[in-house]
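As structure tokens, the structure follows; a few thoughts come after it.
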Amino acid sequence: MIDQYVSVKRCGETAVVTIDNPPVNALHPDVADAIARAAGEVEKDRTYRSMILTGLGKCFVAGGDIRYFTSIDRAGAARMALRVQAMQEKLFSLRVPVIAALNGHALGGGLELMLACDFAIAEEHIKIGVTEVQLGLIPGAGGTQMLFTALPSGTAKRLLFTGDRISAEEAQRIGLVDSVCPSGTVVEAALEVTERINKAGPLAVEAAKRSANHRLRHSLDEGHRREVDIFSALFDTDDHREGITAFLEGRAPEYQGR
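Shown next, in the form of structure tokens:
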């Protein structure tokens, strides 16, 4: 799939979705819609077991489209934010894991987009920041909410109030990104992770994501109940039976996704 702003490349059972809105991959509603369409294609194609989201050029996403901001009023700003939020919800709820492969800076809306993914890998040279306050704004696509699921409250507020740009190394130290890799290698690093994901039982991975994401939005008690429901349902799948049989026979499982 090739869109005006997004391309999708198949790498085995992984979809590599690349944002292409030069020069800095600024995020505006049309770009958000293109990402959502790409995610929809991945959702429908059951041969995909994972997705990588990255950017083309020097930035992952350098924030919102400032020129677009000058063309909208309060009502337009609300519509824009809702469209971007809808795209991010698509990534959050996608049946397969989504890795943000940060090839370049992730600022403002770029950080929010990263937070909608399941985890992130960053190249060593990049900067990450919630920079909206430097434009007299706050994040409008979930940043003030999602940041607090990723970081301790004080750290999240410091980044939110200052608009500071932090290094990839610091982002890893505070838990905002999972790992850091040399410049120019992030997609390769992400593919190494998805290769391991793709070897696991696909229904189990999808179930693990659903259960983990449920916990992010519900109480621990509700999360426990949901986990039991999902765990027990997997006992009715062919994949579970294949996994157990393969283990007992000392061979690699051959999962079919059913």
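Here my numbering is used: the first residue of the sequence shown is 1296, the next is one more, and so on.
Even glycine gets a Cβ: it sits at the ideal position worked out from N, Cα and C.
- Rounded to the nearest whole angstrom, the CA to CA distance from Leu1543 to His1535 is 13 Å.
- Counted as a single uninterrupted DSSP element, the stretch harbouring Ser1302 is not any alpha helix (DSSP H) but the beta strand (DSSP E) occupying residues Val1301 to Cys1306.
- Around the beta carbon of Ala1528, a 10 Å sphere encloses fewer than 16 other beta carbons of the protein chains shown; the residue is thus reported as exposed.
- The Cβ atoms of Leu1348 and Ala1395 sit closer than 8 Å to each other.
- Between the segment 1418-1435 and the segment 1384-1391, the count of Cβ pairs shorter than 8 Å is below three; the stretches do not touch.
- Taking each of Thr1457, Ala1484 and Asp1473 in turn and checking the Cα distance to Gly1431, the smallest one comes out for Thr1457.
- Rounded to the nearest angstrom, the gap between the Cα atoms of Ala1507 and Asn1316 is 32 Å.
- Of the other Cβ atoms in all chains shown, fewer than 16 fall within 10 Å of the Cβ of Glu1517; this residue is therefore exposed.
- Under the three-state reduction of DSSP output, Thr1313 falls in the strand class.
- Annotated three-state conformation of Gly1350 is strand, per DSSP.
- In this structure, Val1482 keeps its C-beta atom at 8 Å or more from the C-beta atom of Val1319.
- The alpha carbon of Cys1476 has as its nearest neighbour, out of Ala1417, Gly1470, Ile1461 and Thr1532, the alpha carbon of Ala1417.
- According to the DSSP secondary-structure assignment, Arg1460 is paired through a beta bridge with Gly1424.
- Shortest Cα-Cα distance from Glu1501 to any of Arg1553, Gln1440, Phe1355 and Leu1454 involves Arg1553.
- Unbroken alpha helix (DSSP H) stretches of 4 residues or longer found wholly inside the segment 1373-1397: none.
- Taking a contact to require three or more Cβ pairs closer than 8 Å, the segment 1346-1360 and the segment 1404-1412 qualify as touching.
- Residue environment: Glu1549 is assigned as exposed (fewer than 16 neighbouring CB atoms within 10 Å of its CB, all protein chains considered).
- Inclusion of Gly1350 and Gly1399 in the CB contact set at 8 Å is warranted, their separation being smaller than that value.
- For Ile1416, DSSP records a beta bridge to Ala1396 and Ser1474.
- In the DSSP assignment, Asp1325 falls within the alpha helix (DSSP H) that extends over Pro1324 to Lys1339.
- Distance from Met1382 to Ala1466 at the Cβ level is roughly 22 Å; contact not present, criterion being Cβ atoms closer than 8 Å.
- Measuring C-alpha to C-alpha distances from Gln1429 to each of Leu1408, Leu1455 and Phe1443 identifies Leu1455 as the nearest.
- Between the alpha carbons of Glu1487 and Ile1367 lies a gap of roughly 42 Å.
- Inter-residue distance for Leu1406 and Met1441 is about 10 Å (C-alpha atoms, whole angstroms).
- If you ignore the 5 residues before and after Ala1376, its C-beta comes within less than 8 Å of the C-beta of Gly1435 and Ala1436, all in its own chain and listed in chain order.
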